[in-house]
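All remarks here apply to the structure that follows.
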Amino acid sequence: MTTQLIPVAPAAIGSQTVQTVDGRALHTFLDVQSHFRDWINNRIEEYGFEEGKDFRSFFSESTGGRPSKEYCLALDMAKELSMVERTAKGKQARQYFIECERIALQAHGTPQPANAHLAAQLAELLQGKVLVDVDTLSQLTRIVFALEGFLPHIVPLAKDLEKQCGQPLIADLASYRPASTPPPRAGRPSSLAAQRRFDPADPWIPAVQAYVANRQEVTLTEVLLHLAIEPNQRTKNRLSKLLQGLGWRLHVTSVQGNGCRVYRND
1229 MTTQLIPVAP AAIGSQTVQT VDGRALHTFL DVQSHFRDWI NNRIEEYGFE
1279 EGKDFRSFFS ESTGGRPSKE YCLALDMAKE LSMVERTAKG KQARQYFIEC
1329 ERIALQAHGT PQPANAHLAA QLAELLQGKV LVDVDTLSQL TRIVFALEGF
1379 LPHIVPLAKD LEKQCGQPLI ADLASYRPAS TPPPRAGRPS SLAAQRRFDP
1429 ADPWIPAVQA YVANRQEVTL TEVLLHLAIE PNQRTKNRLS KLLQGLGWRL
1479 HVTSVQGNGC RVYRND
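Below, the structure written as structure tokens:
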């Protein structure tokens, strides 16, 4: 890379040091017409970015002597902000950030195990980490749902859920009620229902609908890669809500003993 379109530098966000971009520099490059403060606040609220995870804010002195609020953005956030602008500048910035990541990975290199046995152990460990994370999230979702207003029935419900382990989770639990279980209190939407809400104006919808139109089964990673969007926890969560909002249901199949989560147009 010979031209640095936007400065990228390591900085602390939360407890980690990551590659970051100055929010104002990105705003200027994208040639956004709205004021920086309005633009960044609207994007944070609209796309659910989290301080300490996706960005860090701080105050600095402006040229007029008055403190101004600045934003240090993680590269993932900078890429998504560039993409949602839907402009040539946005596309250029996103491709630039992807190239920055590629060069950084090449510079640091990937640690190589000493022999084939260690390589196999490393692969198993990484695969196990992914499965544990997903399964833990699934277990927590079940527990939260069970506890939310249904404490007297938690034991039989827990037994039922154990029997259903590995079966569709979010879509099925939303309508699941034991016969003796009272409905949620009126006026208080369940947190599960809130999690399933999606924005009908989400700019991803046209591209997602076009891709899944003639398909009966897709995975989150498959769709994201087709859309040239990096698969990570935030983008997968957003796509999951979108697919379920469009009527797709989560299923779990078995592939060589491992759980494979797919979405089907049942």
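Position one of the sequence shown corresponds to residue 1229 (our numbering), numbered consecutively onward.
Each residue gets a CB set at the ideal place from its N, CA and C atoms; glycine is no exception.
Bear in mind the structure is a predicted one, so any value in this text is a computation, not a measurement.
- Judged by DSSP secondary structure, Gln1461 falls within the alpha helix (DSSP H) whose first and last residues are 1461-1473.
- Here the C-alpha atom of Thr1248 lies approximately 28 Å from the C-alpha atom of Ile1433.
- Taking 8 Å as the cut-off, the beta carbon of Phe1283 is found no closer than this to the beta carbon of Ala1253.
- With respect to the 8 Å criterion, Ile1331 and Lys1307 are not classified as neighbours on the basis of their beta carbons.
- Shown here for Ala1435: same chain residues with a beta carbon closer than 7 Å to its own, the five before and five after excluded, namely Leu1455 in chain order.
- Approximately 25 Å separates the beta-carbon atoms of Pro1431 and Val1236; this is outside 8 Å, ruling out the contact.
- Spanning the alpha carbons of Thr1245 and Asn1442 requires a straight line of approximately 43 Å.
- In the displayed model, Asp1250 falls within a strand according to three-state DSSP.
- With a threshold of 16 other beta carbon atoms within 10 Å, Arg1314 falls short and is exposed.
- In the structure shown, the three-state DSSP call for Ala1438 is helix.
- Secondary structure at Ala1239: strand, using DSSP grouped into helix, strand and coil.
- Within a 10 Å sphere around the beta-carbon of His1263 sit fewer than 16 other beta-carbons, which makes this residue exposed.
- Glu1273 and Arg1492 have their C-alpha atoms spaced approximately 30 Å apart.
- Around the CB of Gln1437, fewer than 16 other CB atoms lie within 10 Å, so the residue is classed as exposed.
- Residue burial is scored here from C-beta neighbours: Asp1266 has fewer than 16 other C-beta atoms within 10 angstroms and is therefore classed as exposed.
- With a cutoff of 8 Å on beta-carbon distance, Glu1445 and Asp1304 are scored as not near each other.
- Within its own chain, the residues whose Cβ lies closer than 6 Å to the Cβ of Cys1328, once the five positions on either side in sequence are excluded, are Val1236, listed in chain order.
- Annotation for Ala1306: the continuous alpha helix (DSSP H) segment containing it runs 1303-1312.
- In the DSSP assignment, no residue is bridged to Lys1317.
- Residue burial annotation: Leu1452 is buried, with at least 16 other C-beta atoms found within 10 angstroms of its C-beta.
- One alpha carbon belongs to Leu1309, the other to Arg1322, and they sit about 8 Å apart.
- Beyond the five residues adjoining it in sequence on each side, Ser1285 comes within less than 8 Å, by CB distance, of Glu1279, Lys1297, Glu1298, Tyr1299, Cys1300 in the same chain, given in chain order.
- Note that the C-beta distance between Asp1259 and Lys1317 is below 8 Å.
- Residue burial annotation: Leu1470 is buried, with at least 16 other C-beta atoms found within 10 angstroms of its C-beta.
- When secondary structure is reduced to three states using DSSP, Glu1279 falls in the strand class.
- For Thr1449, the enclosing alpha helix (DSSP H) covers residues 1448-1454.
- Distance from the CA atom of Ala1240 to the CA atom of Lys1319, rounded to whole angstroms, is 26 Å.
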